[in-house]
Structure formats: structure tokens, C-alpha cells
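Colleague:
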Amino acid sequence: MRYIPNSPEERAEMLAVVGLDSADELFRSIPKEVQLGRKLNVTDPLAESEVIAAMETMAAKNTAATKPSFLGAGVYSHFSPTIVDHLIQRSEFFTSYTPYQPEIAQGTLQYIFEFQTLVCQLTGMEVANASMYDGSTAMAEAYLMAQRVTRRNKIVVATSVHPEYREVAATYTQHGDAEIVEVAFDETSGRIADLSVLDDQTAALVVQSPNFFGCVEDLKALADAAHAVGALLVVVVTEAISFGLLKSPGSCGADIVVGEGQSWGIPMGFGGPHVGLFATQEKFVRQMPGRLCGVAYDKNGNRGFVLTLSTREQHIRREKATSNICTNQGLIALAATIYMETMGKKGLQEVAMQNAQKAAYAATQIAAIDGYSLPFSAPKFNEFVMRGPRPATEILEKMRTENGVIGGLALSKYYASHDNDFLVCVTETNTRDQIDNFVSALNEST
Amino acid sequence: MSIKKVTQHPTQNEALIFERSQTGRVGYRLPKLDVPETNNILPADLRRDDDLTGVPEVSEVDVVRHFTRISTWNYSIDLGMYPLGSCTMKYNSRLNEKVARIGGFAGLHPLAPEEETQGALELIYHLQNDLCEITGLPGISLQPAAGAQGEMTGVMLIRAFLDQRDGEASKDRRVMLIPESAHGTNPASAAMSGFTVKTIRATADGLTDMEHLRELCNEGGVAGVMFTNPNTCGIFERNIQEICNTIHAAGGLVYMDGANMNALVGVARPGDMGVDVIHLNLHKTFSTPHGGGGPGCGPCLCSAELAPFLPTPRIEKNGDSYKLNYDYPHSIGRVKAFFGNFGMMVRALSYIYTHGAEGLKEATEAAVLNARYVSHELKDTYDKPFESDCMHEAIFSHKNQSKKGVVTLDIAKRLIDYGFHPPTVYFPLVVEGAMLIEPTESVGRADLDAFIEAMKDIDQEAQENPQLVIDAPHTTRIGRLDEATAARKPVLRWRLDMEATAKSA
Numbered sequence: 454m455r456y457i458p459n460s461p462e463e464r465a466e467m468l469a470v471v472g473l474d475s476a477d478e479l480f481r482s483i484p485k486e487v488q489l490g491r492k493l494n495v496t497d498p499l500a501e502s503e504v505i506a507a508m509e510t511m512a513a514k515n516t517a518a519t520k521p522s523f524l525g526a527g528v529y530s531h532f533s534p535t536i537v538d539h540l541i542q543r544s545e546f547f548t549s550y551t552p553y554q555p556e557i558a559q560g561t562l563q564y565i566f567e568f569q570t571l572v573c574q575l576t577g578m579e580v581a582n583a584s585m586y587d588g589s590t591a592m593a594e595a596y597l598m599a600q601r602v603t604r605r606n607k608i609v610v611a612t613s614v615h616p617e618y619r620e621v622a623a624t625y626t627q628h629g630d631a632e633i634v635e636v637a638f639d640e641t642s643g644r645i646a647d648l649s650v651l652d653d654q655t656a657a658l659v660v661q662s663p664n665f666f667g668c669v670e671d672l673k674a675l676a677d678a679a680h681a682v683g684a685l686l687v688v689v690v691t692e693a694i695s696f697g698l699l700k701s702p703g704s705c706g707a708d709i710v711v712g713e714g715q716s717w718g719i720p721m722g723f724g725g726p727h728v729g730l731f732a733t734q735e736k737f738v739r740q741m742p743g744r745l746c747g748v749a750y751d752k753n754g755n756r757g758f759v760l761t762l763s764t765r766e767q768h769i770r771r772e773k774a775t776s777n778i779c780t781n782q783g784l785i786a787l788a789a790t791i792y793m794e795t796m797g798k799k800g801l802q803e804v805a806m807q808n809a810q811k812a813a814y815a816a817t818q819i820a821a822i823d824g825y826s827l828p829f830s831a832p833k834f835n836e837f838v839m840r841g842p843r844p845a846t847e848i849l850e851k852m853r854t855e856n857g858v859i860g861g862l863a864l865s866k867y868y869a870s871h872d873n874d875f876l877v878c879v880t881e882t883n884t885r886d887q888i889d890n891f892v893s894a895l896n897e898s899t
Numbered sequence: 112m113s114i115k116k117v118t119q120h121p122t123q124n125e126a127l128i129f130e131r132s133q134t135g136r137v138g139y140r141l142p143k144l145d146v147p148e149t150n151n152i153l154p155a156d157l158r159r160d161d162d163l164t165g166v167p168e169v170s171e172v173d174v175v176r177h178f179t180r181i182s183t184w185n186y187s188i189d190l191g192m193y194p195l196g197s198c199t200m201k202y203n204s205r206l207n208e209k210v211a212r213i214g215g216f217a218g219l220h221p222l223a224p225e226e227e228t229q230g231a232l233e234l235i236y237h238l239q240n241d242l243c244e245i246t247g248l249p250g251i252s253l254q255p256a257a258g259a260q261g262e263m264t265g266v267m268l269i270r271a272f273l274d275q276r277d278g279e280a281s282k283d284r285r286v287m288l289i290p291e292s293a294h295g296t297n298p299a300s301a302a303m304s305g306f307t308v309k310t311i312r313a314t315a316d317g318l319t320d321m322e323h324l325r326e327l328c329n330e331g332g333v334a335g336v337m338f339t340n341p342n343t344c345g346i347f348e349r350n351i352q353e354i355c356n357t358i359h360a361a362g363g364l365v366y367m368d369g370a371n372m373n374a375l376v377g378v379a380r381p382g383d384m385g386v387d388v389i390h391l392n393l394h395k396t397f398s399t400p401h402g403g404g405g406p407g408c409g410p411c412l413c414s415a416e417l418a419p420f421l422p423t424p425r426i427e428k429n430g431d432s433y434k435l436n437y438d439y440p441h442s443i444g445r446v447k448a449f450f451g452n453f454g455m456m457v458r459a460l461s462y463i464y465t466h467g468a469e470g471l472k473e474a475t476e477a478a479v480l481n482a483r484y485v486s487h488e489l490k491d492t493y494d495k496p497f498e499s500d501c502m503h504e505a506i507f508s509h510k511n512q513s514k515k516g517v518v519t520l521d522i523a524k525r526l527i528d529y530g531f532h533p534p535t536v537y538f539p540l541v542v543e544g545a546m547l548i549e550p551t552e553s554v555g556r557a558d559l560d561a562f563i564e565a566m567k568d569i570d571q572e573a574q575e576n577p578q579l580v581i582d583a584p585h586t587t588r589i590g591r592l593d594e595a596t597a598a599r600k601p602v603l604r605w606r607l608d609m610e611a612t613a614k615s616a
């Protein structure tokens, strides 16, 4: 095996040193009856070229990857500067581990510190952690944290929050004492409809903005409503590019901001690995889940960084920990950090603006087609719902097979009563030609 | 005379990017907006008005140099052995990186129509089959994003199974038995699933204390046991079948933490031992990169009777095509959006393809041999707390050095001066001053010998000049950092006045 540095002869010598006759004897503490005693029934070893060929054959069957697409819904197609993937492939980053030994892990610790800072700046929050698995698990952890902070159990969540996020949160909380109350969205505006369920038992109001339908919520009003009953406002953001244009959740009064950082230069990759964001106010820092990196000094006064506040964590607190999360998404957080720094202040603003402009153009063009309309009136960022004349699954399927365009997501996948509606996402990677072709394909299909 | 340098040497301090920022610098260019611009994108009260204050303004060159410089401050597998016990830091092949970046994988949207994502579903299906064969367990979900999440999934399967089997009576079965040497994630995951934890003692030879196990089972209410095998002392639980029988007889189920599967692949299978559910760490055993902490991927595997409770959707083969099946009414639910960390699955399957059946077993043998060799060579220098054969990791304590005031942490820091990453320290908790050394199969004999020699030299230093070890490391760009002060008044983000705040702590 070409990844094993010891030759068979060296291994034989080492066996002799430890006093064994054969490799089989290494396993003598395993009872014979549970030893496999046969070869695993997996492939025979392949040559490097054969592995590549096998993988390329499978990848080629993913025809969706090469088609013009207007899918969003939590995973977005954005351009990633070349240096992002180049820099994360430096061995010192991608073959390193959790920075348990700060003296020889300052590279990792420094980028985590920069990541935490950038997440704070963009969300408008005071502290951010070193990342979570993804947006959905970050939201689930926010439910648990809100319960710890408020010592209340009722979680009020909008049904306009990503349906898969809500599923994950339901899984996480099913054995705790959380009471989850879902609040419908307004069929005219597309925003969360009714806050009358908020009461003095409520731990958190959880909303997504832009929400699953692309509608920007009125976060200030929601924060006021939540705070009026002593609850926290948890804001979920699946489209991190929106931070470049929209008022930050922190400045609107959010208490916890969770989200998905995939838009910051991370490949869509069939849904993962991505990077979860988790930010909050300083006063709640000891209730936060996950890893945190902080400033520390050595005895000569040199500045460095360490993992800190670990007394909240599972390896110290065991079953009383704030969470069972042990790792962070180090390498993906690095990619996101490089993306944010390369784009910088201006780039993050411009890319957000381009997304909004292109989406606005597409929405206007489609809405002008006979039989199509925009069902929700709330302001939008780069996603919007279109209502067609027929079931969306039919329209999208026809367009896919006849025009080779993946036109968006039929809302019926998650919202049974919205048969004719589909979610369209337009980013800076969709050219005007693509949008125009999409529009004419829809025109033909009516 | 002072020397004016044109370049900064990488070992010099690299500022935070925020400290390098200059107004007006840019590192990007977007294509010109190709649609007519509109002025009424958003009402003013929803638009950002802070001009992204503090976000850096730097050029592409600044970014490249910044990250290249800080990268040189990191230890990594490519630089040398990374013997972190129970973390399995093995070689990360470039081939795996290459195939994960194929456009058809990297550029694939998870909500694209099933007909157009067949290759991804096929890949997941193949990996599922191989992992089922490797563990001897027929049920699988690749959805969990990391080991701790796979573990939570596994414990929730146990909970769901018991709730269905026992109905109302299951509320009296809420005790999870966990050895004191377990990973901290085990008790945390058990707590998240509504279990209370009772701790099982270890015997003097580092194994689960069977008598204590039976005693705890007799107390009643046992939902199951969570144990690691080989355990965190690096020893195979040779009573495994008896452990499983005892728990099963008490009406509970057996969860095995798969963090140490690198010792077993191709040699023995948890399913054959009587284990009901296990998680694997693809980033450990199957060499997908940890990258400074993650991403991970923590598949959960289980017996046929637990399979109905696995997360959905499940990926299945239907004739010649692959499909997502959401129709499992007893499922515990979804644990992550979409299908898990697919990019890690591509790398893991590439690892399996590259090794094949023989290669997987050969890697296991090489890993165990390397650890056994270290254990043998250091046993006269460092206190070896257990007589038993070690598997893929060797455990020592600081007992022989602490008499001189040199403790595990000092030995770890001194190893850095010798050019090695330290082992896992102070874990497992059952051994005072533990050092858990896992070389993996990716280390050659010459490097192992150098490591062994360094450990012996450090012992000699500890005996003759303990202060030298206590003050280590001496050769790094920064010395030991004051973590206590850092935690007392944490500075967790950059601000202009950050230094003043941190120093006033």
C-alpha cells in the first residue's frame, strides 16, 4: 500500500522487536470468534488513475451540475476567487488538527480569530464562535441556548424558516422540555404573520431573514415584540451574501444570530461540508455552544491566540456541557475567511448589490409573463417565489427536459398548499442571457 | 547597524488582517452588472447603513501573503507525525482532494432533481455498502456531520427503539452506562437524548469492570451502554461479547463509539461482537482531512432492528437508479440539512477504493504495529499503566517524571522543541497525567525511532535538568500562552482597542 511508509521487511523487524511472529498476533486480545477471518467484501485496490476514472464516471451522472440553475433554498451558487481553494490546500492548514497546542497552531488560531471577528462585523453581534457544522444544526443549538438563557421552554418559530432547519431543530429538541410553536406566514406579504402566541413563557422567537421565500423580515419590530415578553430574538440567515446589503440582525436587536456561511466561497458540494455561523451578545458567551478562540499572551508579552472558555465544553463538563459539539468546521471557516477578506468591504457590498439587482430584473421579467405573478409583497434579496398557471412541478420538469434549465424549487416539496409556486434564486453567477433564456422558456411553457 | 529588509520573514509576527487594512484597497473584481439597474431594491430602513465598518480592505497579494505566512506557524501531518491518541491523524492523500473537486461533485446543488444527481446518490450508496461490510451492521445513515453528531444519532436510535418497544414503561429506562474513560461527547450526547449517566469503573488493567457493570445493570432502568473499543486506554475490551450479553439481558442496547476503528478495519467487526449501533469518524479512520478541526463526517450504523429509526432521507437503490426515501414513519428525524457532508464521503470512498480489502487490513496492521512498537520501546522510560497489549495507541503516564516536578504538559511542550506534535494529554481521565500516543500507519520506522529517542531524551532532561522541560517550548515563535488570564476576561474578536482590553484583564 503506497500510503504506508514501512516496507514489509521493516514491519517484520518491528514485529520481532515487540516479540511477535506474525501480524496476526497483534490482534491476540481480540477473541477469535469475533475476528473476521476473511477478506472484507469491498473492491480490490485500484490504481490512482482507476480511482479518478471511477469518480469521474459517477460525477458525470450528476448532470444538474452543468446546467443553468436557479436553485437556492439554503445553498447558493456564488463565484469563489481562485485563491480561496488554493490557500486552503496548503498542507499546514488542511492536514492540521484542532489547535490543542497553541504554540504550534497559531496559523489556525489566528484565522479562527479573524473568522469570529468577521462574523461579528457582518451580523452586527458582539461574539461569534469558531463555527458550527452548518446552519441547520446552529439553529438547533440556538433553541437549546435560548432555553438555558431564559430558563423558559417555549420556542416560537416561523414556518417561513427553512423546512429542513426546522426538522433538524425538532430532532435535537425532541427529548428535552422544549415546546415548539410554529407560526404561519402571511399569504400576502410572505412575512411572519401573527405574534400573539408570544407570552411570558416564550424563550425565543425564531425567524429567518431573508426567509425561505426570500422575503426580508422586519427584524426591528420582531425584536421589540420578543423583548416585550422577555424572550430572545433568534435570527437565522441562510444567504450570507445578504449581509452586504441588509441591515445587520444585531443592529435590529437580535440576541442570537445563526446561519449558513456556504455563500462565502464554499462549493455547493451536494449540501456539505458547509459552515454554520453562531453569534450572540457578550453577556451570553458562557451559554454558547462550540469552540471559541481568544487572545492570550506569553511571558514575554507576545500576542497569541488560544482556544478559550472551554469549561463550557463537553470534554470538561461532560453531561452538563452547553452542547455535545466537539469540532468546528475549521477548513471551511478558513475558506469563508479568505473569501470575506479577499472580497473585502467593497466586494461584499458589490456582490450583494449585484445579487439583488439581478434577482429584481428576473422577478420583473417573469412577473410580466401572462399567468405568472409574485405572490408575496415583502422586500426581497436574491430569492423570490413565483406563482405559475399550473403546478410548479410540471412547469419545472418541462423546462428541465426541454430547455435544459433548472428553474428553481417547487414549493410543494415543503408546503403542500402551494402547488403552483416555485422558489427562484438569482445570484451574480447567473448571466443576463441565462435569465432571458429562463424567461423565454417559461413563456413557451404557458 | 539596522538592516532594512524587503521581505518579512515568516517567523516574524504577522498582523491581523484588520491591522493591515488600508482604505481603498480591493482584492476582487466582479463582472460588470449586465442587467438594467433599478433604484428601488429595498426600502432604506432595511438597508445596511454602517458601511461594513471594520471589514478589511486589502489586495489579493495581501491576502495570499497573509495566509501563507500564518500557515507556516502550524504543525501539520505533512510536516511530521501527529500522534494524537483517539484522533487518528493519518496521511491525507491529494488524490482524495482532487476527486472531491470534480465539477460534477463540487458544483452539485443538493435540491437538484433526483434524475440529475444519480452519480452522487450512487456514490453515497456505494460508501454505505462498504461501511456496512466493514462494521458488520446493516443499517446506515451518512447524514451526521461529525462523530459527536453520529453519536447523538446513535443514542437517539436507542431511545426511539426503547420507546417503541416498551411504550409508557420506557420512561423507567433512562440510564446510560458510560465508562469513566469515555470521550466527553458520550455523556453530553446521552444527556441531549434525555438519559442520565452512570459511570462504570475501569479495572486495574484498563478494562471495563464487569462486576461493576453487572451491579449497575441490577440497579435497573438501564437503557444501554456507550463504550469505545478498543477503549481509550488503547486496549481491546476482550469481554466484549459478555458486555453485550449482559446489557441485552438487562433490556438495554449497546452503543460503540467508533473513534478507534482504525484498530479494527478488516480484522474484526462491531456487528459480529453484538454491538447494536456505532458511529464512525470518516475524518479519522478514512483519512478525510480535519483541516484545523473539521469538517468531519460521522456515519451512524446499526442493526436491522434499529434501522427503521435512522434519519431520513435514506439513500436506496431501486432497480438501476438511486432514490431518496423519506418514507420511514419511525425515523428520529433529520439531523442535518440535506444529506450530510457529501464532500467527505467522496474522499472516504476514494480512500477505500485506493486501499481495497487488502490495503484496509494492511493499514490496520501497520497502525497497531506502530503503536505496539512505541509502547514496547518506551515502557522502561515512561510509566506504562496497563500490562495489556495495546492496539493502535499506546498509553503512558508522567509518574516517573513528576517526582522531579515535570508533568505531562511539560513533556508535551518539550516534544515541540524536538519537532514533534505532542500526543493527546490528560486523556483518558482514568490515568493520572496520561499521554495517549497514536502514531497511525502513516509513520515510518525511522520517524518512530526519532520520536522514541526524543521521548527518552526528555526523560533524561527531566531527571537532570527539570527546569529545561518545565519552561518548554523554547524554539517556537511564542512561548506558553497564559490561558487562565485569557479565559478570565476573554477577548474574542478584533477591535481597535483590543490590546488594551486584553492586557487589562
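Protein sequences appear in the order of chains A and B. Just so you know, we're using the numbering used here here: the first sequence kicks off at 454 and counts up by one. Just so you know, we're using the numbering used here here: the second sequence kicks off at 112 and counts up by one. C-beta atoms are modelled at their ideal positions from N, C-alpha and C, and glycine is treated no differently.
1. Output the residue ranges of the beta strand (DSSP E) runs that lie fully inside the stretch 274-312 of chain B and measure 3 residues or longer, sorted by chain position.
2. Under 6 Å Cβ to Cβ from B/M112, same chain only, skipping five residues before and after it: list those, please.
3. Let's test the definition: count the other Cβ atoms within 10 Å of the Cβ of A/A679 and tell me whether it reaches 16, buried, or not, exposed.
4. To the nearest angstrom, report how far apart A/K673 and A/S662 are at their CA atoms.
5. Comparing the C-beta of A/L686 with each C-beta of chain B, is any distance below 7 Å?
6. Could you please tell me which residues of the stretch 278-296 of chain B, in chain order, have their CB closer than 7 Å to any CB of chain A?
7. Give the C-beta separation of A/A845 and A/L864 to the nearest angstrom, bearing in mind that I take them to be a contact with Cβ-Cβ under 8 Å.
8. If B/T423 sits next to B/Y433, beta carbons under 8 Å apart, how far is it from one beta carbon to the other, in whole angstroms?
9. Helix, strand or coil for A/Y596 per DSSP?
10. Return helix, strand or coil for B/Y462, following the three-state DSSP convention.
11. Any beta carbon of chain B sitting closer than 7 Å to that of A/R604?
12. Kindly provide the ranges of any beta strand (DSSP E) runs that are 3 or more residues long and lie completely inside the stretch 210-252 of chain B, ordered along the chain.
13. Just checking: is the beta-carbon of B/R525 within a distance shorter than 7 Å of some beta-carbon in chain A?
14. How about B/A211 and B/G454: are their beta carbons less than 7 Å apart?
15. According to DSSP, B/Y433 sits in a beta bridge with which residue or residues?
16. Report the start-end ranges of each alpha helix (DSSP H) in the stretch 573-615 of chain B that is 4 residues or longer and not cut off at the edges.
17. Would the stretch 267-282 of chain B count as touching the stretch 733-747 of chain A if we require 3 or more Cβ pairs under 8 Å?
18. For B/R416, does the three-state DSSP call read helix, strand or coil?
19. Considering B/G191, what are the terminal residues of the beta strand (DSSP E) in which it resides?
20. Checking 7 Å against the spacing of the C-beta atoms, do B/P221 and A/G724 come in under that value?
21. What would DSSP say about B/S170, mapped onto helix, strand or coil?
22. From the DSSP output, in three-state form, read off A/C746 for me.
23. Taking 7 Å as the CB-CB cut-off, is B/M112 touching chain A?
24. Can you have a look at B/R599 and say buried or exposed, based on whether 16 or more other CB atoms are within 10 angstroms of its CB?
25. So, for A/I719: in the same chain, excluding its five sequence neighbours on each side, which residues have a beta-carbon less than 7 Å away from its beta-carbon?
26. Give me the Cβ distance between A/L658 and A/L686, rounded to the nearest whole Å; I'm assuming they're in contact under 8 Å.
27. Measure the C-alpha to C-alpha separation of A/K773 and B/L607 and round it to an integer number of angstroms.
28. Give, in chain order, every residue of the stretch 546-564 of chain A whose Cβ lies closer than 9 Å to some Cβ of chain B.
29. Between the C-alpha atoms of B/T310 and A/G629, what's the straight-line distance to the nearest angstrom?
30. Have a look at A/E617 and B/P534 and give me their C-alpha separation to the nearest angstrom.
31. B/G214: which of A/G722, A/Q818, A/N781 and A/G841 sits nearest, CA to CA?
32. Measure from the C-beta of A/N856 to each C-beta in chain B and report whether the shortest distance is under 7 Å.
33. So, helix, strand or coil for A/E632, using DSSP?
34. Strictly below 8 Å CB to CB, what residues from chain A border B/A561?
35. Please report how far the alpha carbon of A/D477 lies from the alpha carbon of B/A217, in whole angstroms.
36. Can you tell me which of B/Q574, B/F538, B/F338 and B/D528 puts its alpha carbon nearest to the alpha carbon of B/I589?
Modeller: Concretely, from the data shown:
1. Complete beta strand (DSSP E) runs here, min 3: 286-290 and 307-311.
2. Confidence at B/M112 is low in this model, with a pLDDT of 47, below 50, so the placement of that residue should be treated as unreliable; the coordinate-derived value is given next. Taking C-beta separations shorter than 6 Å and ignoring five residues to either side along the sequence, B/M112 has no partners in its chain.
3. A residue is called buried when at least 16 other Cβ atoms come within 10 angstroms of its Cβ; A/A679 meets this threshold and is buried.
4. For A/K673 and A/S662, the gap between their C-alpha atoms comes out near 12 Å.
5. So no, A/L686 is outside the interface.
6. Those would be G295 and T296, in chain order.
7. Here A/A845 really is in contact with A/L864; their C-beta atoms are around 7 Å apart, less than 8 Å.
8. No, B/T423 and B/Y433 are not in contact; Cβ-Cβ is about 15 Å, not under 8 Å.
9. Three-state result, A/Y596: helix.
10. Residue state, collapsed to three classes: helix.
11. Output row for A/R604: interface = no.
12. Listed in chain order, the complete beta strand (DSSP E) runs (minimum 3 residues) inside the stretch 210-252 of chain B are 250-252.
13. It does not: the Cβ of B/R525 has no partner Cβ on chain A nearer than 7 Å.
14. Yes, the pair counts as a contact, with Cβ atoms nearer than the cut-off.
15. Paired residues: B/K428.
16. Runs found: 577-581, 594-599 and 609-614.
17. Between the stretch 267-282 of chain B and the stretch 733-747 of chain A, the count of Cβ pairs shorter than 8 Å is below three; the stretches do not touch.
18. Sequence check: residue 416 of chain B is Glu here, not Arg. Here B/E416 sits in coil by DSSP.
19. Note, B/G191: premise wrong, no beta strand (DSSP E); not H, not E.
20. Yes, these two residues count as a Cβ contact at 7 Å.
21. DSSP places B/S170 in coil when its eight states are reduced to three.
22. Strand.
23. For B/M112, the predicted model reports a pLDDT of 47, less than 50, meaning its position is unreliable; a value from the coordinates is still stated below. Chain A contact via Cβ: absent.
24. Answer is exposed; the Cβ neighbour count stays below 16.
25. Same-chain partners within the cutoff: H727, V728, I785, A788 and A789.
26. Confirmed, Cβ separation roughly 5 Å.
27. Roughly 36 Å between the two C-alpha positions.
28. So the list reads F546, F547, T548, S549, Y550, T551, P552, Y553, Q554, P555, E556, I557, A558, Q559, G560, T561, L562, Q563 and Y564, given in the order they occur along the chain.
29. Their Cα atoms are separated by approximately 22 Å.
30. In this structure, the CA atom of A/E617 is about 39 Å from the CA atom of B/P534.
31. Out of A/G722, A/Q818, A/N781 and A/G841, A/G722 has the C-alpha closest to the C-alpha of B/G214.
32. Taking a beta-carbon distance threshold of 7 Å, A/N856 does not count as an interface residue toward chain B.
33. Look at A/E632 here: in three-state DSSP terms it is strand.
34. Neighbours of B/A561 on chain A: none; closest Cβ ~13 Å, over 8 Å.
35. Straight-line Cα distance between these residues: approximately 41 Å.
36. For B/I589, the nearest C-alpha among the options comes from B/D528.
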